[in-house]
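Going by my numbering, the sequence shown opens with residue 1, and the numbers climb by one from there. I have placed the structure first, in the form of structure tokens, so that the comments after it can refer back to it.
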Amino acid sequence: MTSKYQPDTVLTHAGRDPSANHGVVNPPVYHASTILFDTMDDLAKGYAERYAHYTYGRTGTPTSHAFETAVAALEGAHAAVSAPSGLSAVAIALDAFTKAGDHVLVVDAAYGPTRDYCDKVLSRHGVTVEYYDPLIGGDIARLIRDETRVIFMESPGSLTFEVQDVPAITAVAKARGVVTMIDNTWATPLFFKPFDHGVDVSIHAATKYMVGHADAMMGVVCCATRDLFMAVKIQAHLQGICAGPDDLYLAQRGLRSMAVRLRHHEKSALEVARWLQDRKEVARVLHPALPDDPGHALWSRDFTGSSGLFSVVLNPYDRKAVNRMVDDMDLFGIGFSWGGYESLIMPQSPDRSRTATAWQAEGPLLRLHIGLEDVEDLKRDLAAGFERLGKE
Ligand SMILES: *Cc1c(COP(=O)(O)O)cnc(C)c1O
């Protein structure tokens with residue numbers, strides 16, 4: 001489903017129907033388990049088409065429908081399935097298309113907990129998981145076996161920011177009948193359109209930019225076709241995966257301002273990234289929108305923007321020095337997640353979560369999320385941090 005409207009307009013209007021709610025602008029929050037039927041005939045009809053009607057809180061309510069419809073419209077999906085976290089969205093997507101004996105190819109730069117799910121759950125269910133080089137492109141053809149069912153992508157990788165050649169990978173997958181999925185959390189549907197690049201299933205940790213305020217967990221799986229959607233929806237249903245109404249409400253509310261927030265995140269993050277490139281403490285900035293980034297050519301071919309998350313590789317400093325810098329930041333918080341309005345800083349060790357490729361770096365890696373604060377204030381906070389880093 002592609003909208004006749006531009007993304008800003010879709011974000012403002014999709015998934016809302018004030019005329020159905022006494023003219024109230026925002027969709028109401030339905031707290032529901034039981035949904036009543038007038039007659040046994042109605043119940044039978046509702047049950048036969050249970051994903052088209054509201055029959056029980058777990059299979060969908062007007063509140064989940066509002067969020068899913070809005071995201072699907074923005075992404076250009078046939079339909080979407082919400083889940084109580086980004087990780088549960090990853091899990092139902094992978095589960096929907098795999099069974100014992102299958103082989104899945106997962107990008108080596110994937111989000112750590114996605115790898116953990118593959119290594120500790122999928123593999124326990126008899127699925128063989130193989131990791132591949134994020135830069136493999138069309139050469140992924142040589143890794144595809146008869147049993148390969150899924151290719152999982154994350155581009156750019158949300159720790160190390162390699163950009164994948166998504167169209168090259170999906171072209172190979174299509175020829176071999178392999179389902180492709182992408183974790184599109186970094187770009188959001190605003191900056192990368194997976195379905196225009198041949199992807200079948202697009203997954204978002206809506207916890208990040210969709211919710212946008214660090215106050216709810218949410219995931220969503222967007223599906224290109226009805227068949228793909230039914231596979232994911234049935235998986236979610238069978239596993240009892242459903243998101244809570246208040247969090248769904250916060251996610252759909254967050255969407256309304258996502259484009260405006262992202263433009264600010266993008267601009268400030270690029271400004272901080274360029275400023276960091278000139279710091280003597282910094283060996284490299286990993287941000288694909290920078291012209292000298294190795295992923296820049298693919299990024300500018302396929303993406304229409306960049307978000308507020310990127311990493312820097314520092315020159316060699318020991319852990320104590322890095323902690324001195326990070327512990328005393330005034331504005332940058334130490335914490336998991338990202339995509340909220342606030343800035344975050346996190347030392348990370350990519351070498352611990354790679355198997356297909358080796359992580360080569362001059363020094364420690366810091367991942368930054370650039371929030372909506374004044375960018376000069378953020379640079380001053382980082383500059384003071386670098387002073388502490390250099391001090392013995
Ligand atoms: C945070 C994140 C997830 C998981 O989302 P949760 O809502 O925290 O479960 C998945 N993928 C990426 C890239 C993420 O950053």
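We put the CB at the ideal spot given by N, CA and C, even for glycine.
Using the C-alpha atoms, what's the distance from D139 back to V106? Your numbering for residue 106 matches position 106 in the sequence shown. Your numbering for residue 139 matches position 139 in the sequence shown. Approximately 14 Å, taken between the alpha carbons.
Closer than 6 Å by C-beta to D196: which residues in its own chain qualify, once you throw out the five before and the five after it? Chain order, please. Taking the first residue of the sequence shown as position 1, residue 196 is located at position 196. Correct list: empty, nothing qualifies.
I need the boundaries of the beta strand (DSSP E) containing Q348, first residue and last residue. Numbered from its first residue, the sequence shown carries residue 348 at position 348. Note, Q348: beta strand (DSSP E), 344-348.
Starting from A205, trace the beta strand (DSSP E) in both directions and tell me its first and last residue. Locating residue 205 in the sequence shown gives position 205, where the first residue counts as 1. Counting along the chain, the beta strand (DSSP E) containing A205 begins and ends at 201-205.
Evaluate H369 with the Cβ neighbour count: other Cβ atoms within 10 Å of its Cβ, from every protein chain shown; 16 or more gives buried, anything less gives exposed. Numbered from 1 along the sequence shown, position 369 holds the residue referred to as residue 369. Label assigned to H369: buried.
Indicate the three-state DSSP secondary structure (helix, strand or coil) for M153 in the structure shown. Here the question's residue 153 lines up with position 153 in the sequence shown. Residue state, collapsed to three classes: strand.
With respect to 6 Å, is the separation between the Cβ of Y111 and the closest non-hydrogen atom of ligand 1 below this value? Here residue 111 refers to the residue found at position 111 when the sequence shown is read from its first residue. Yes, Cβ of Y111 sits closer than 6 Å to a heavy atom of ligand 1.
Curious, which full-length beta strand (DSSP E) runs of at least 3 residues does the region 284-318 contain? 309-314
Beta bridge counterpart(s) of L365 as assigned by DSSP: As a working note, residue 365 is residue 365 in the sequence shown. Answer is V313, Q348.
Kindly indicate the opening and closing residues of the alpha helix (DSSP H) around D139. Within the sequence shown, numbered from 1, the residue matching residue 139 stands at position 139. Segment: none, D139 is in no alpha helix (DSSP H) and carries neither H nor E.
D302: buried (16+ other C-beta within 10 angstroms of its C-beta) or exposed? Residue mapping note: residue 302 aligns to position 302 of the sequence shown, counting from 1. The residue is buried, with at least 16 neighbouring Cβ atoms inside 10 Å.
What residues in its chain sit with their C-beta under 6 Å from that of V163, if we drop five residues either side in the sequence? Here the question's residue 163 lines up with position 163 in the sequence shown. These residues qualify, in order along the chain: S155, P156, P288, G295, L298, W299.
Considering only C-alpha positions, which residue in the set I144, V179, R142 is nearest to V150? Position 150 of the sequence shown holds residue 150. Of the listed residues, the one whose Cα sits closest to V150 is V179.
Is P245 near H22, with beta carbons less than 7 Å apart? Reading the sequence shown from its first residue, position 245 is the one you call residue 245. Reading the sequence shown from its first residue, position 22 is the one you call residue 22. No, the pair does not count as a contact, with Cβ atoms beyond the cut-off.
Work out the CA separation of V326 and H78 for me, nearest whole Å. If you number the sequence shown from 1, residue 78 lands on position 78. If you number the sequence shown from 1, residue 326 lands on position 326. Taking the straight line from one Cα to the other gives about 44 Å.
What is the DSSP secondary structure of S257, counted as helix, strand or coil? Residue numbering aside, residue 257 sits at position 257 when the sequence shown is read from its first letter. It is coil, neither helix nor strand.
Across the region 79-89 and the region 233-252, are there enough close Cβ pairs to call them in contact, namely three or more that are closer than 8 Å? yes
Any heavy atom of ligand 1 closer than 6 Å to the Cβ of D246? Here the question's residue 246 lines up with position 246 in the sequence shown. Checking every heavy atom of ligand 1 against the Cβ of D246, none is found closer than 6 Å.
Around the Cβ of T34, are there at least 16 other Cβ atoms within 10 angstroms (buried) or fewer (exposed)? Start at 1 with the first residue of the sequence shown, and residue 34 comes out as number 34. Its Cβ having fewer than 16 others within 10 Å, T34 is exposed.
Reducing DSSP to helix, strand and coil, say where I182 ends up. Residue 182 sits at position 182 when you count from the first residue of the sequence shown. Correct three-state label for I182: strand.
Might you give, ordered along the chain, the residues of its own chain that have their beta carbon closer than 8 Å to the beta carbon of N315, omitting 5 neighbours on each side? As a position in the sequence shown, residue 315 is number 315, starting the count at 1. Once the five neighbours on either side are set aside, the close Cβ partners of N315 are K280, E281, V282, A283, E362, G363.
Given the structure, does M183 come close to ligand 1, in the sense that its CB is under 6 Å from one of the ligand's heavy atoms? The sequence position of residue 183 within the sequence shown is 183, counting from 1. Note on identity: in this sequence residue 183 is Asp, with Met being the wrong assignment. Yes, Cβ of D183 sits closer than 6 Å to a heavy atom of ligand 1.
Which listed residue (L190, M258, R380, G15) has its alpha carbon closest to that of T69: The count along the sequence shown starts at 1 and reaches residue 69 at position 69. Out of L190, M258, R380, G15, G15 has the C-alpha closest to the C-alpha of T69.
With a threshold of 6 Å (Cβ to nearest heavy atom), would A205 be considered close to ligand 1? Taking the sequence shown and counting its residues from 1, the one referred to as residue 205 is at position 205. Yes - ligand 1 has a heavy atom lying nearer than 6 Å to the Cβ of A205.
Helix, strand or coil for C118, going by three-state DSSP, please let me know. Numbered from 1 along the sequence shown, position 118 holds the residue referred to as residue 118. In the structure shown, C118 sits in a helix (DSSP, three-state: H, G or I).
Counted within 10 angstroms of its Cβ, other Cβ atoms place M153 as buried (16 or more) or exposed: Translated into positions along the sequence shown, residue 153 becomes position 153. By the neighbour-count rule (16 or more Cβ atoms within 10 Å), M153 is buried.
Can you check whether the CB of A205 is closer than 7 Å to the CB of G219? The residue given as residue 219 occupies position 219 in the sequence shown. The residue given as residue 205 occupies position 205 in the sequence shown. Yes, the pair counts as a contact, with Cβ atoms nearer than the cut-off.
Taking 6 Å as the cut-off, is the beta-carbon of S3 closer than that to any non-hydrogen atom of ligand 1? Counting from one through the sequence shown, the residue named residue 3 turns up at place 3. No, the Cβ of S3 stays beyond 6 Å of every heavy atom of ligand 1.
Quick one: grab the DSSP three-state call for E373. Taking the first residue of the sequence shown as 1, we reach residue 373 at position 373. Coil at E373, not helix or strand.
Best match in F310, W275, L382, T304 for proximity to V322 [C-alpha to C-alpha]: Here the question's residue 322 lines up with position 322 in the sequence shown. For V322, the nearest C-alpha among the options comes from L382.
Exposed or buried, what is K233 when buried is set at 16 or more other beta-carbons lying within 10 Å of its beta-carbon? Translated into the one-based positions of the sequence shown, residue 233 becomes position 233. So K233 ends up on the buried side.
Alpha carbon of D374 to alpha carbon of E342, nearest angstrom: The residue given as residue 374 occupies position 374 in the sequence shown. The residue given as residue 342 occupies position 342 in the sequence shown. Looking at the two C-alpha atoms, the distance is approximately 11 Å.
Can you tell me which of Q360, Y249, T114, V211 puts its alpha carbon nearest to the alpha carbon of A259? Mapped onto the sequence shown, residue 259 falls at position 259. When each option's Cα is compared against that of A259, the closest is V211.
Three-state secondary structure (DSSP) at S82? Your numbering for residue 82 matches position 82 in the sequence shown. Of the three classes helix, strand and coil, the one that applies to S82 here is strand, per DSSP.
Under 7 Å between C-beta atoms of V199 and L228: As a position in the sequence shown, residue 199 is number 199, starting the count at 1. As a position in the sequence shown, residue 228 is number 228, starting the count at 1. No, they are not a contact pair.
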